[in-house]
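Counting from 3, one number per residue, gives the positions in the sequence shown under the UniProt record's numbering.
Here the structure is laid out as structure tokens; the discussion comes afterwards.
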Amino acid sequence: NPVPDLLDRLRRECADADGGEVLATIPELADADPDLFGVALCTIDGTVYGSGDDDHRFTIQSISKPFAYALALADRGRDTVLEHVGVEPSGDSFNEISLEQSGRPRNPMINIGAVTTHSLIGDPKLSLEERDARVLAGLSAFAGRELEVDEAAFESERAEASRNLALAYLVHAQGKLDGEPHDAVDGYTRQCALLVDARDLAVMAMTLAAGGRNPVTGEQVVPTWVCTQVLSVMATCGMYDASGQWMSTVGIPAKSGVAGGLLGALPGQVGIGAFSPRLDEIGNSVRGVRAFEHLSAELGLHLMHAP
Ligand code: GLN
Numbered sequence: 003n004p005v006p007d008l009l010d011r012l013r014r015e016c017a018d019a020d021g022g023e024v025l026a027t028i029p030e031l032a033d034a035d036p037d038l039f040g041v042a043l044c045t046i047d048g049t050v051y052g053s054g055d056d057d058h059r060f061t062i063q064s065i066s067k068p069f070a071y072a073l074a075l076a077d078r079g080r081d082t083v084l085e086h087v088g089v090e091p092s093g094d095s096f097n098e099i100s101l102e103q104s105g106r107p108r109n110p111m112i113n114i115g116a117v118t119t120h121s122l123i124g125d126p127k128l129s130l131e132e133r134d135a136r137v138l139a140g141l142s143a144f145a146g147r148e149l150e151v152d153e154a155a156f157e158s159e160r161a162e163a164s165r166n167l168a169l170a171y172l173v174h175a176q177g178k179l180d181g182e183p184h185d186a187v188d189g190y191t192r193q194c195a196l197l198v199d200a201r202d203l204a205v206m207a208m209t210l211a212a213g214g215r216n217p218v219t220g221e222q223v224v225p226t227w228v229c230t231q232v233l234s235v236m237a238t239c240g241m242y243d244a245s246g247q248w249m250s251t252v253g254i255p256a257k258s259g260v261a262g263g264l265l266g267a268l269p270g271q272v273g274i275g276a277f278s279p280r281l282d283e284i285g286n287s288v289r290g291v292r293a294f295e296h297l298s299a300e301l302g303l304h305l306m307h308a309p
């Protein structure tokens, strides 16, 4: 089969991209082996191919944001979510204060917007635990298997949450947070500590790219309009302040996380997952970015490429 060979070769070609640093600010992540490198691809018929450390588990971190956004949209509707969180790229780092005049966070892919989005998941009356359960079940449905939380990573990040708490308090002061700042940050931090591997990311991406139907389990996880909205925001905001450059060089709606994960979803075509812990200055996986650049060029995946 040509796909596994392609992924193996891709990994070899990208292995010399050994710049960047493993994230040092979350103690539990700082110990990651910097040389880990896995890639995986899921097709629309639910076949998953992988290479290298494609079954090594790591915390999903910011890659949870598009899925949490999907759940909030599905649970509360587009209008309510848009009242609280915008859809404009911020051009700022992922943990910046980034608010519009109206007090809305600029988008759901940066921390300030993601904490806000988390507060919009499920019924407004849900307890903290019930909302956590909704997030766990929702992201598991996207992955097609029961995910679990890395409790050590969760505790370690919760102990260092002052910056996210400050962001949540700001949004709360603007009247755009649904609930209490501590609850929103607690739940958001737990959401970020879910464990996945590159194969899970590929399936999750393909589910988004297939209009919400998980190609492995056949479950319709969220309505199709939700995926259109999520992919649009990923395309414009998913790679933080490198989103414009990413769109021009790779051309695939994508989302990165600080543990080194990277997910790309090409509508109607393919879901791609990559994992390698060393990050560039912006917080995107160095080898992950390189792997996507190669794949996009080699398979002609760029969305704006006229066939
Ligand atoms: N949990 C991380 C944070 O809130 C996620 C950030 C990221 O992956 N960019 O800072």
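Glycine included, every Cβ here is placed at the ideal spot set by N, Cα and C.
Quick caveat, the model's predicted, so the values are computed rather than measured.
Helix, strand or coil at residue i [DSSP, three-state]
i: PHE69; result: helix
i: SER95; result: coil
i: SER245; result: helix
i: ALA42; result: strand
i: GLU23; result: strand
i: VAL172; result: For the record, residue 172 in the displayed sequence is Leu; it is not Val. Note: LEU172 maps to helix in three-state DSSP.
i: VAL198; result: strand
i: LEU281; result: strand
i: PRO36; result: coil
i: GLY115; result: helix
Check: residue i C-beta below 8 Å from any heavy atom of the ligand GLN
i: TYR71; result: no
i: GLY275; result: no
i: PHE96; result: yes
i: residue 391; result: With the chain represented from 3 up to 309, any question about residue 391 goes unanswered, as that position is not in the structure.
i: CYS194; result: yes
i: GLN63; result: yes
i: TYR171; result: no
i: VAL260; result: yes
i: THR191; result: yes
i: ASN113; result: yes
i: GLY285; result: yes
i: TYR51; result: no
i: ILE28; result: yes
N- and C-terminal bounds of the beta strand (DSSP E) containing residue i
i: LEU268; result: 263–268
i: residue 338; result: Residue 338 is absent from the structure shown; the chain starts at 3 and stops at 309.
i: ALA276; result: 272–277
i: SER100; result: Where SER100 is concerned, there is no enclosing beta strand (DSSP E), given that its DSSP letter is neither H nor E.
Segment limits, alpha helix (DSSP H) that includes residue i
i: PHE156; result: 153–160
i: GLY298; result: In the sequence on display, residue 298 carries Ser and not Gly. Note, SER298: alpha helix (DSSP H), 288–301.
i: SER142; result: 130–145
i: ALA256; result: From DSSP, ALA256 is part of no alpha helix (DSSP H) but of the beta strand (DSSP E) over 256–258.
i: GLU15; result: 4–16
i: GLU85; result: 80–86
Anticipated Cβ contact below 8 Å, residue i with residue j, distance rounded
i: ALA186; j: HIS86; result: That pair is no contact at about 11 Å.
i: ASP199; j: ARG59; result: 5 Å
i: LYS67; j: ALA116; result: 5 Å
i: TYR242; j: GLY285; result: 6 Å
Heavy atom of the ligand ATP within 8 Å of residue i beta-carbon
i: ASN166; result: You won't find the ligand ATP in this model; what it holds is the ligand GLN.
Residue i - partner residues in DSSP beta bridges
i: VAL231; result: Here residue 231 is Gln; the residue named in the question, Val, does not match the sequence. DSSP, once it has assigned bridges, lists no residue as partnering GLN231.
i: GLN222; result: ARG215
i: PRO107; result: LEU101
i: GLY54; result: GLY40
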